[in-house]
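Residue numbers (the working numbering), protein chains in the order written: chain A, 1 to 319; chain B, 1001 to 1319; chain C, 2001 to 2319.
Note that CB positions come from ideal geometry on N, CA and C, so glycine has one too.
Keep in mind the model is a prediction, meaning the values are calculated, not measured.
Taking it in order: structure first as structure tokens, then the write-up.
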Amino acid sequence: MEKLKHVLESQQFSREWLENELFPLAAKMEKIVKEQGVWPSCKYFFKRRALSGKRMVSFFYEPSTGTQMSLEMAMERLGGKVVYSSDHAGETSSIAKGETIQDTIKRVSAFRPDVIILRTPDEGMANKAAEFSTVPIINAGDGKGQHPTQAQTDLFTIKKEKGEIEGQHLVITGDLARGRTARSLAYLSAKYPGVKISFVSPEMARIGHDVKDYLKKHRVPFEEIYDIREVAPHGDVFYITRIQRERGGDILFNYGPPSFWKMNQEVLNLMKKDAIVMHPLPHLDEIAPEVDKDPRAAYFRQSENKLYIAMADLNMILK
Amino acid sequence: MEKLKHVLESQQFSREWLENELFPLAAKMEKIVKEQGVWPSCKYFFKRRALSGKRMVSFFYEPSTGTQMSLEMAMERLGGKVVYSSDHAGETSSIAKGETIQDTIKRVSAFRPDVIILRTPDEGMANKAAEFSTVPIINAGDGKGQHPTQAQTDLFTIKKEKGEIEGQHLVITGDLARGRTARSLAYLSAKYPGVKISFVSPEMARIGHDVKDYLKKHRVPFEEIYDIREVAPHGDVFYITRIQRERGGDILFNYGPPSFWKMNQEVLNLMKKDAIVMHPLPHLDEIAPEVDKDPRAAYFRQSENKLYIAMADLNMILK
Amino acid sequence: MEKLKHVLESQQFSREWLENELFPLAAKMEKIVKEQGVWPSCKYFFKRRALSGKRMVSFFYEPSTGTQMSLEMAMERLGGKVVYSSDHAGETSSIAKGETIQDTIKRVSAFRPDVIILRTPDEGMANKAAEFSTVPIINAGDGKGQHPTQAQTDLFTIKKEKGEIEGQHLVITGDLARGRTARSLAYLSAKYPGVKISFVSPEMARIGHDVKDYLKKHRVPFEEIYDIREVAPHGDVFYITRIQRERGGDILFNYGPPSFWKMNQEVLNLMKKDAIVMHPLPHLDEIAPEVDKDPRAAYFRQSENKLYIAMADLNMILK
């Protein structure tokens, strides 16, 4: 099994690694969790659990529930420990006293945890942290930057739900200018042949030029449209995202009628029978309540997959 | 031993269950803690501790020290783990981003913790959460609603301090309109024959009609009075509660002279020699400093009992 | 090995204890950490780790990263558990509801943790807490009071970097009126013969009279000056501290040119080749970026030493 150093951005992962290493291991983890097993399978001697003796430190400078909990739960399930965990590090850590991220990471890694989870408010901070860290870092979201474990989870979900990622038509909607999950997913799915992407958003919430340049360079067909209904009959995977209120997305709240870029019964009615609806969650009204009952709603299954991907990532980083 | 699903509200527990299951187990837990033992008694093999391998997740949307710490300490004492714990979940969890409690619980329970502790700001949220959870939920306080583990602790304390709960005259004082501990205690003590209750509070802080209707239905004699001194010579158990500043109770601060509904030397002087003073703690000036020295002050012993009740509850839910 | 009760203030430790007990044990801990060993050395049976079965509770009423993480990491490394940890206890604990520190400590110690870590906003609170606690308390900083584990770390660092503490000329700069680390270091280093201290600060940030009286009583030569350059060629240990913005130190920000009491290339150029620069961290601009590259910069090594001192303290308190 390939040893993983840091998890920083979607571009770092090859399709081969995802298909041959990460996804099979995540699937194995799912099986273990569902059968209440342990990993590795010998369960008679406590010390032998996969990550026994390993220590995680997590700094969340912005709120999260799914990402933080899935990583911490994964760590404990594999026998490791969450030693220090701050879910509002921006207020309580040394950063609040004005320390740079470099200095914080230098000090923290000197205490020799085995992995550092980092959610930061600004793009590029995880990469900067990794430069100064003697310990593996998992980027759990860096401002408007990326969210690579989410992107891994998203592709794993598409694979499970649709059988394969190749050839899928992705429809990605929402506040694409500010949402990092949309960015990370676009980067990662571009590695699969036959993928095409429709970005649906208001003009002022268009996806960044770095993503578009990347897609062009890798010859991934994409389009930018205004109305989800236009593409509803053709899409295979509808990836809905939240308005990023905490990043200045408030101006979008009154943009257009709901069916322009939200998921509701009207859009569902236009969609293929085997399409799926995804969302990194939590969602607000960009998903109408009636969607929950539709079998095509895959977002709660997607959320659960975060646990299995976290277990697989941690296992590959720490073994 | 009867398996417990959720701990949601006082009404769910029968007197028989409290007397024959919960209290004896809590007493056993107290013995174990005081003799520094482990449960079950075989201590030679680490994996065999009662809750070994069990994982707790706790969401406190409002501050607590006693409840959160007693539950987390209980979990660890029994060999289980607190995997994720937020003590200000209202700011840092997905709820802060606008997610409904149902969705949060659906996502959290998909990560397969073994028990979820939930303190929520609004009445009824714990019940709603339990509907959507695949995992046992302990309601650690839901707004003005209930606080069932506190009520269990309160009755356990009365039992220990007074020998029995039957026939006791309870004097419950404070901000009864907003305090959930008073409500939960009234509901639970009503299951014991011979209990009567004097509710002491200003007019505008009277206990809710749901409680009074319940007491009438179950033929529990009660009265509502203004001045604690009136009932001081007769009461067996004085249950003092705090003004709920965080729930709009501020208007009560200047109400009447202290002896109207607070505990001080003047009231102590009127009380029976074997009466006890209880309080869910923390207390403010509704208990005067001199009361601490009186042997009838049972509130620190009551606080300690939270640990034993938490251990018993967790054991019954998770075994 | 001498059993340690509480860690409350620098004055409580004798030079003999530091030299013969604490520092050798901390050095042993460093070796263990660096060789990825366990303590005690028998690693085959999980239950036998030094602090196995011990439980730590930590209340940080003010932000910290280094102190909290080093203590929690130390606890876990020795096999103990951090059961409850609040890093903003001022907002979320019972103190936020108006409870006194005495009552909080009485309740918390009744839950029988094995050690309580306490960082409080007001001077003397740790001592007051210790009076009411049945459990050992480590003062992790009490307002403008003291920070004894930091002072232990500081002396341990001087010992390691300079070979011995005796005879060193300490230059302590910064907001000495508000900074507790400077105070604790002055108290503790005064126990070593031949130590002399130059306090460098603006007039309005002079070190407290209690410290000066203590130094006079113990015949420790000291001076108070305005310009670090005056003493730069003579000092052995330059202990730079941060302006205490959270304690009203803001008025100092525009005081004098940087070289009056900050560390930068100009000051480095005047210093001895074997002098060292220390700082309790996090630092702001009182240390210029170029200092990091100078081999005399010892502050990151000093920060790492916190872990070894924490391991030694916990081992002595809990064994």
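Counting only Cβ-Cβ distances below 9 Å, B:Pro1113 has contacts in chain A at Met69 and Met73, in chain order. A Cβ of chain C is located within less than 8 Å of the beta carbon of A:Thr104. Counting along the chain, A:Asn139 sits inside the beta strand (DSSP E) bounded by residues Ile137 to Asp142.
Counting of Cβ neighbours within 10 angstroms places A:Pro193 among the exposed residues, the total staying below 16. With a threshold of 8 Å between beta carbons, C:Asp2154 makes no contact with chain A. In the three-state reduction of the DSSP assignment, B:Phe1156 falls in the helix class, which pools H, G and I.
Looking at the DSSP output, C:Lys2196 shares a beta bridge with C:His2169. For a cut-off of 8 Å, the C-beta gap from C:Ser2201 to C:Leu2170 is around 14 Å, too long to register as a contact. Not one beta carbon of chain B lies nearer than 8 Å to the beta carbon of C:Arg2183. Residue pairing from DSSP places B:Thr1120 in a beta bridge opposite B:Asp1142.
Annotated three-state conformation of A:Glu224 is strand, per DSSP.
Closest in C-alpha terms to C:Arg2077, from the list A:Lys212, A:Lys144, A:Lys160 and A:Phe111, comes A:Phe111.
In chain order, Arg107 and Ala110 make up the part of chain A whose C-beta sits under 7 Å from the C-beta of C:Ser2303.
The continuous alpha helix (DSSP H) containing A:Tyr187 extends over residues Arg180 to Ser189.
For C:Val2033, a Cβ of chain A is located within less than 8 Å of the residue's own Cβ.
Taking a 10 Å sphere around the C-beta of A:Lys31, we find fewer than 16 other C-beta atoms and assign the residue as exposed. Check the Cα spacing between A:Asp154 and each of A:Leu307, A:Leu318, A:Asn315 and A:Leu314: the tightest is with A:Leu307. Between the alpha carbons of A:Leu176 and A:Arg206 lies a gap of roughly 5 Å. Check the Cα spacing between C:Pro2113 and each of C:Glu2224, C:Ile2105 and C:Phe2260: the tightest is with C:Ile2105.
Ranking A:Leu314, A:Gln168 and A:Met271 by CA distance to the CA of A:Ala297 puts A:Met271 first.
At a beta-carbon threshold of 9 Å, the residues of chain B lying near C:Gly2098 are Arg1242, Arg1245, Pro1282, His1283, Leu1284 and Asp1285, ordered along the chain. Rounded to the nearest whole angstrom, the CA to CA distance from A:Ala27 to A:Phe156 is 9 Å. Per DSSP, the beta bridge partners of A:Ile287 are A:Met263.
Distances from the alpha-carbon of A:Arg242 to those of A:Asp103, A:Ser58, A:Ser52 and A:Ala288 put A:Ala288 closest. Put simply, the segment 114 to 122 of chain A touches the segment 50 to 68 of chain A. At least three CB pairs are less than 8 Å apart. A distance of 8 Å or more separates the beta carbons of A:Gly98 and C:Pro2121. In the structure shown, B:Ile1243 falls within a coil segment according to DSSP collapsed to helix, strand and coil. What A:Ser86 touches in chain C, judged by beta-carbon distance under 7 Å, is Asp2087, going in chain order. Under the 10 Å beta carbon count, C:Met2278 is surrounded by 16 or more other beta carbons and is classified as buried. Cβ neighbours of B:Pro1148 within its own chain (closer than 7 Å, five residues either side excluded): Val1007, Leu1008, Glu1009, Ser1010, Asn1139 and Ser1184. Put simply, the CB of B:Val1135 is far from chain A, with every gap to its CB atoms at 8 Å or more. B:Lys1028: not part of any beta strand (DSSP E); member of the alpha helix (DSSP H) spanning Phe1023 to Lys1034, first to last residue. Where A:Val108 is concerned, the enclosing alpha helix (DSSP H) starts and stops at Ile101 to Ala110. In this structure, DSSP gives A:Ala297 an extended state, which the three-state scheme calls strand. Per DSSP, reduced to three states, the secondary structure at B:Ile1207 is coil, with no helix or strand assignment.
Contact between C:Asp2087 and C:Lys2162 is ruled out by a C-beta separation of about 34 Å, above the 8 Å threshold.
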